[in-house]
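Have a look at the structure below, then the notes.
In the UniProt record's numbering, the protein residues as written are 1 to 85.
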């Protein structure tokens, strides 16, 4: 389950940390993450823009589902069936 999750995040971003904390609190260890550089504008690259046209982080991808915005991502993790029993 967690291995199907990919989090695009940027260092120094409290919204990104919020989602990372939620993933850990839900015991979703083993998720994939991709650290992007704000200084190099990697969050505005084609890979992120294909998922999030605003080019903002965090972006959470779970299978075919893409959730942007940290609060929405945390809510998705709360109500989805991603949490191990």
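Just so it is clear, CB atoms sit at the ideal spot from N, CA and C, and this is done for glycine as well.
Looking only at 51, 55, 33 and 31, the smallest Cα-Cα distance to residue 42 is reached by 55. Cα atoms of residue 44 and residue 81: separation of roughly 30 Å, rounded to the nearest angstrom. Leaving aside the five residues that flank residue 11 on each side, none in its chain has a CB nearer than 6 Å to its CB. It is roughly 16 Å from the alpha-carbon of residue 31 to the alpha-carbon of residue 70. Distance from residue 53 to residue 8 at the Cβ level is roughly 14 Å; contact not present, criterion being Cβ atoms closer than 8 Å.
The residue from 39, 79, 25 and 24 with its alpha-carbon nearest to that of residue 13 is 39. Scanning its chain for C-beta atoms nearer than 6 Å, with the 5 sequence neighbours on each side dropped, one finds around residue 23 the residues 31, in chain order.
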